[in-house]
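A.B. asks: So the sequence shown is numbered by our numbering: it starts at 152 and just counts up by one. Backbone N, C-alpha and C fix where the C-beta goes; we use that ideal spot for every residue, glycine too. Small disclaimer: the values here were computed from a predicted structure and weren't measured.
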Amino acid sequence: MTGEDSDESVVRRDRFSGGPARGFLSSLAADERIFAADLAVDRAHVVMLAERDIVDAEVAGAILSALESVEADGHGGLPGGEDVHEAIETAVIERIGPDGGKMHTARSRNDEVATCIRHRLREDVLETLEATLALREALCAVAAANLETTMPGYTHLQPAQPTTVAHWALSYEAAIGRDTERLLETYARVNRSPLGAAAFAGTTFDIDRERTASLLGFDGVLENSMDAASARDFALETTSALSVLATTVSGLAEDVILFANRGFLDLADDYSSTSSIMPQKKNPDTLELARAVAGDAAGGVGGLTTTLKGLPRAYNRDLQRATPHVWRTVDAVSEATRVAAGAVATADWNVDDLAAEAGAGFSTATGVADLLAANGLPFRTAHEVVAEAAERGADYDALESAAQDVLGDSLAAFVDPAAVEAALDPAASVASRDSLGGPAPTAVEAALERAETTLETDSGRVAERRDALAAALETLEAEVSAYV
Ligand code: ARG
């Protein structure tokens with residue numbers, strides 16, 4: 152490429168994007184997010200071009216040195232441009248002359264931007280994965296400390312059956328565990344390289360796409376070049392998985408808010424806020440915000456889906472406006488998950504108040520009906536007796552009088568009175584529900600052990616991916632230093 156060519160290309164750029172729509176066209180500011188990713192992508196691409204003798208080693212060295220100086224100056228130091236890809240190329244040309252333009256041989260901004268988004272997003276997904284692990288760890292710790300802490304369990308916000316704090320905590324741990332799983336599966340599809348697809352139609356140059364993929368720590372390439380440049384299903388899938396996580400976190404936040412409201416737990420001051428006018432207030436604001444993030448995430452999914460729907464192959468500029476939905480969603484959901492983990496880890500459970508409330512609202516009624524049914528009464532009849540007793544005071548005497556009226560005989564004719572007394576006791580009621588996954592401390596203890604093992608396995612999986620990215624970065628740095 153001659154100096155004239157390069158001047159011409161600058162003239163062309165000015166002609167096409169220098170007008171009043173300049174700001175509207177440009178993604179340069181938003182691209183700060185992928186500044187580091189773009190430098191990595193440039194480096195891997197240039198190393199591969201040199202290895203393939205598409206660019207000679209000396210020029211590659213000059214470009215790679217220039218990239219170091221561009222990196223040192225930071226995103227803020229870039230010249231203007233339509234986007235970070237163009238601005239970095241211009242910055243390289245400013246430093247070493249027209250040869251800098253050889254960096255863009257055998258690629259397009261279309262495959263470049265898709266590669267950069269995936270490169271950056273996998274970091275963000277790993278961070279969110281780590282947040283899910285932290286939340287699960289906090290929930291396991293709550294469970295371990297509260298295997299025997301009875302509390303009321305609710306349906307329709309009304310006391311329903313006694314349970315334990317451990318059973319409650321592990322219910323969310325299980326759900327967040329599925330979020331970890333989902334994000335790990337998503338990660339596998341994010342971590343594929345589109346680089347080398349060029350505009351969408353591949354290239355005449357003898358490039359090595361597998362090589363750039365591996366230098367960038369991707370698990371492989373997206374083969375079809377039209378698919379590689381166009382596809383954003385990875386972004387939609389990630390945002391959707393994040394939305395599912397945010398929805399789970401919002402339910403957890405709501406429970407904790409209700410528990411704090413009922414005096415069942417005290418939030419740490421770090422996770423509370425006060426009122427500017429009412430000096431006595433301690434509000435669960437962090438959890439209210441975490442609850443609200445489900446709205447951000449659903450908005451991200453909606454915005455992204457609407458932008459992507461009906462887009463034709465192969466590249467359309469709409470894609471530029473698709474990307475920020477992903478960043479906003481991942482930032483919000485990652486932070487909400489972290490905050491929820493911190494709030495759960497530092498909350499103080501009021502064990503005595505919880506136990507005192509565990510039997511409120513005749514929450515042991517189902518257990519008493521179960522007992523009558525286990526002693527031969529049809530469950531429907533047992534249900535009727537206990538429902539009648541609920542109206543008459545919800546204790547042994549109430550059951551006795553209901554039995555007389557509904558069954559025409561004393562309760563003792565059907566069931567051992569001591570067993571009835573036990574069924575009326577919240578702790579005994581919980582202990583008797585020891586079916587798989589039930590709240591009995593024995594069942595929950597076994598479940599906790601399995602949850603901790605799975606958590607450890609998942610932590611290993613996340614760490615493996617982190618290590619793989621770090622190793623790839625090290626290799627890339629070593630390859631680059633051979634030219635610089
Ligand atoms: N800045 C663009 C984006 O974020 C990438 C550049 C592709 N531009 C183009 N005119 N083909 O999607």
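Quick one: does the C-beta of residue 269 sit closer than 6 Å to a heavy atom of the ligand ARG?
C.D. replies: Locating residue 269 in the sequence shown gives position 118, counting from the first residue. Incorrect: residue 269 has no Cβ contact closer than 6 Å to the ligand ARG.
A.B. asks: Would you tell me roughly how many angstroms separate the C-alpha atoms of residue 406 and residue 329, rounded to the nearest one?
C.D. replies: Taking the first residue of the sequence shown as 1, we reach residue 406 at position 255. Taking the first residue of the sequence shown as 1, we reach residue 329 at position 178. So the two alpha carbons sit approximately 19 Å from each other.
A.B. asks: With DSSP as the reference, label residue 519 as helix, strand or coil.
C.D. replies: What you label residue 519 is simply residue 368 of the sequence shown in a count that begins at 1. If DSSP states are grouped into helix, strand and coil, residue 519 belongs with the helices.
A.B. asks: With residue 302 as the anchor, note down where its beta strand (DSSP E) starts and where it stops.
C.D. replies: Counting from 1 along the sequence shown, the entry for residue 302 is found at position 151. Here the beta strand (DSSP E) through residue 302 covers 301-306.
A.B. asks: Is it buried or exposed, residue 312, if we count other Cβ atoms within 10 angstroms and call 16 or more buried?
C.D. replies: Taking the sequence shown and counting its residues from 1, the one referred to as residue 312 is at position 161. The residue is buried, with at least 16 neighbouring Cβ atoms inside 10 Å.
A.B. asks: Is the Cβ-Cβ distance between residue 477 and residue 339 less than 7 Å?
C.D. replies: On the sequence shown, residue 477 is found 326 positions in, with the first residue counted as 1. On the sequence shown, residue 339 is found 188 positions in, with the first residue counted as 1. Their beta carbons are not under 7 Å apart, which means residue 477 does not touch residue 339 by this criterion.
A.B. asks: Give me the Cβ distance between residue 315 and residue 342, rounded to the nearest whole Å; I'm assuming they're in contact under 8 Å.
C.D. replies: By one-based count along the sequence shown, residue 315 stands at place 164. By one-based count along the sequence shown, residue 342 stands at place 191. That belief does not hold up - the Cβ atoms of residue 315 and residue 342 are roughly 40 Å apart, past 8 Å.
A.B. asks: Quick check on residue 424: does DSSP put it in helix, strand or coil?
C.D. replies: Taking the first residue of the sequence shown as 1, we reach residue 424 at position 273. The answer is strand: DSSP assigns residue 424 an E or B state.
A.B. asks: Taking DSSP's pairing of strands, which residues face residue 313 in a bridge?
C.D. replies: What you label residue 313 is simply residue 162 of the sequence shown in a count that begins at 1. Note: residue 313 sits in a beta bridge opposite 303.
A.B. asks: What residue range is occupied by the uninterrupted alpha helix (DSSP H) comprising residue 140?
C.D. replies: The chain is shown only over 152 to 635; residue 140 falls outside these bounds and no answer can be derived.
A.B. asks: For a test of your reading of the model: does the CB of residue 499 fall under 6 Å from any non-hydrogen atom of the ligand ARG? Yes or no.
C.D. replies: Here residue 499 refers to the residue found at position 348 of the sequence shown. Flag unset: Cβ of residue 499 not near the ligand ARG.
A.B. asks: Determine the direct distance from the alpha carbon of residue 454 to that of residue 308, and round the result to whole angstroms.
C.D. replies: The residue you call residue 308 lines up with position 157 of the sequence shown. The residue you call residue 454 lines up with position 303 of the sequence shown. Their Cα atoms are separated by approximately 33 Å.
A.B. asks: Would residue 317 and residue 344 qualify as a contact pair, given that the criterion is a beta-carbon distance under 7 Å?
C.D. replies: Here the question's residue 317 lines up with position 166 in the sequence shown. Here the question's residue 344 lines up with position 193 in the sequence shown. No, the pair does not count as a contact, with Cβ atoms beyond the cut-off.
A.B. asks: Spatial neighbours of residue 535 within its chain, please: C-beta separation below 6 Å, excluding the five flanking residues on both sides.
C.D. replies: Residue numbering aside, residue 535 sits at position 384 when the sequence shown is read from its first letter. Within the same chain, residue 535 has close Cβ partners 557.
A.B. asks: Residues around the ligand ARG, please: the ones whose beta-carbon is closer than 5 Å to some heavy atom of it, in chain order.
C.D. replies: Qualifying residues, in the order they occur: 178, 234, 260, 264, 470, 471.
A.B. asks: Applying the criterion that 16 or more other CB atoms from any shown protein chain within 10 Å of the CB defines a buried residue, is residue 563 buried or exposed?
C.D. replies: Residue mapping note: residue 563 aligns to position 412 of the sequence shown, counting from 1. Under this definition residue 563 is an exposed residue.
A.B. asks: Just to check my reading of the structure: residue 514 and residue 577 have Cβ atoms closer than 8 Å, yes? What is that Cβ distance to the nearest angstrom?
C.D. replies: Your numbering for residue 514 matches position 363 in the sequence shown. Your numbering for residue 577 matches position 426 in the sequence shown. Yes, they are in contact, since the Cβ atoms of residue 514 and residue 577 sit about 7 Å apart, within 8 Å.
A.B. asks: Please determine if the stretch 495-507 and the stretch 408-416 are in contact, where contact requires at least 3 C-beta pairs separated by less than 8 Å.
C.D. replies: Yes, the stretch 495-507 touches the stretch 408-416.
A.B. asks: Who are the near neighbours of residue 153 in its chain, counting only those whose CB is closer than 7 Å to its CB and skipping five residues on each side?
C.D. replies: Counted from its first residue, the sequence shown places residue 153 at position 2. Note that residue 153 scores a pLDDT of 40, beneath 50, so its modelled location is shaky; the value from the coordinates is reported in the next line. Same-chain partners within the cutoff: 249.
A.B. asks: What is the rounded straight-line gap between the Cα of residue 519 and the Cα of residue 273?
C.D. replies: Taking the first residue of the sequence shown as position 1, residue 519 is located at position 368. Taking the first residue of the sequence shown as position 1, residue 273 is located at position 122. If you take the alpha carbons of residue 519 and residue 273, they lie about 52 Å apart.
A.B. asks: Relative to the C-alpha of residue 505, which candidate in 545, 177, 280, 302 has its C-alpha closest?
C.D. replies: Counting from one through the sequence shown, the residue named residue 505 turns up at place 354. Ranking the options by Cα distance to residue 505, first place goes to 302.
A.B. asks: Kindly list the residues whose CB is nearer than 7 Å to the CB of residue 585, restricted to its own chain and excluding five residues on each side of it in sequence; keep chain order.
C.D. replies: By 1-based counting over the sequence shown, the position of residue 585 is 434. Once the five neighbours on either side are set aside, the close Cβ partners of residue 585 are 591, 593, 594.
A.B. asks: Take the Cβ of residue 622 as the centre, count every other Cβ of all protein chains shown within 10 Å, and call the residue buried at 16 or more, exposed below.
C.D. replies: The sequence position of residue 622 within the sequence shown is 471, counting from 1. The residue is exposed, with fewer than 16 neighbouring Cβ atoms inside 10 Å.
A.B. asks: Mapping DSSP to helix, strand and coil, what is residue 275?
C.D. replies: Residue 275 sits at position 124 when you count from the first residue of the sequence shown. The answer is helix: DSSP assigns residue 275 an H, G or I state.
A.B. asks: Please classify residue 156 as buried or exposed, where buried requires at least 16 other C-beta atoms within 10 Å of its C-beta.
C.D. replies: In the sequence shown, counting from the first residue as 1, residue 156 sits at position 5. Any answer about residue 156 is weak, because its pLDDT of 46 lies below 50 and its placement is not dependable; what the coordinates show is given next. Classification for residue 156: exposed.
A.B. asks: Quick check: the stretch 369-387 against the stretch 461-477, are at least 3 beta-carbon pairs closer than 8 Å?
C.D. replies: Contact holds: three or more Cβ-Cβ distances are below 8 Å.
A.B. asks: Quick one: residues in its chain with C-beta nearer than 7 Å to the C-beta of residue 288, no 5 flanking neighbours on either side, listed in chain order?
C.D. replies: Taking the sequence shown and counting its residues from 1, the one referred to as residue 288 is at position 137. 606.
A.B. asks: Measure the Cβ-Cβ separation of residue 189 and residue 235 and say whether it is below 7 Å.
C.D. replies: Start at 1 with the first residue of the sequence shown, and residue 189 comes out as number 38. Start at 1 with the first residue of the sequence shown, and residue 235 comes out as number 84. Going by C-beta atoms, residue 189 is nearer than 7 Å to residue 235.
A.B. asks: Which of helix, strand or coil does DSSP assign to residue 344?
C.D. replies: On the sequence shown, position 193 is the one that residue 344 refers to. Of the three classes helix, strand and coil, the one that applies to residue 344 here is strand, per DSSP.
A.B. asks: Do residue 286 and residue 480 come within 7 Å of each other at the CB atom, strictly closer than that value?
C.D. replies: Along the sequence shown, one-based indexing puts residue 480 at 329. Along the sequence shown, one-based indexing puts residue 286 at 135. Taking 7 Å as the Cβ cut-off, residue 480 and residue 286 do not qualify as a contacting pair.
A.B. asks: What residues match up with residue 416 in a beta bridge as DSSP calls it?
C.D. replies: Sequence index remark: in the sequence shown, residue 416 carries index 265 (1-based). According to DSSP, residue 416 bridges with 500.
A.B. asks: Okay, do the stretch 245-265 and the stretch 347-363 touch, 3+ Cβ pairs below 8 Å being the bar?
C.D. replies: In short, these stretches touch, since the Cβ pair count reaches three.
A.B. asks: First and last residue of the alpha helix (DSSP H) that includes residue 577?
C.D. replies: Within the sequence shown, the letter at position 426 stands for residue 577. Counting along the chain, the alpha helix (DSSP H) containing residue 577 begins and ends at 577-583.
A.B. asks: Rank 207, 173, 219, 552 by C-alpha distance to the C-alpha of residue 193 and give the top, closest one.
C.D. replies: As a working note, residue 193 is residue 42 in the sequence shown. Here the closest residue by C-alpha is 219.
A.B. asks: So, are the CB atoms of residue 283 and residue 327 less than 7 Å apart?
C.D. replies: Indexing the sequence shown from 1 puts residue 283 at position 132. Indexing the sequence shown from 1 puts residue 327 at position 176. Yes, they are a contact pair.
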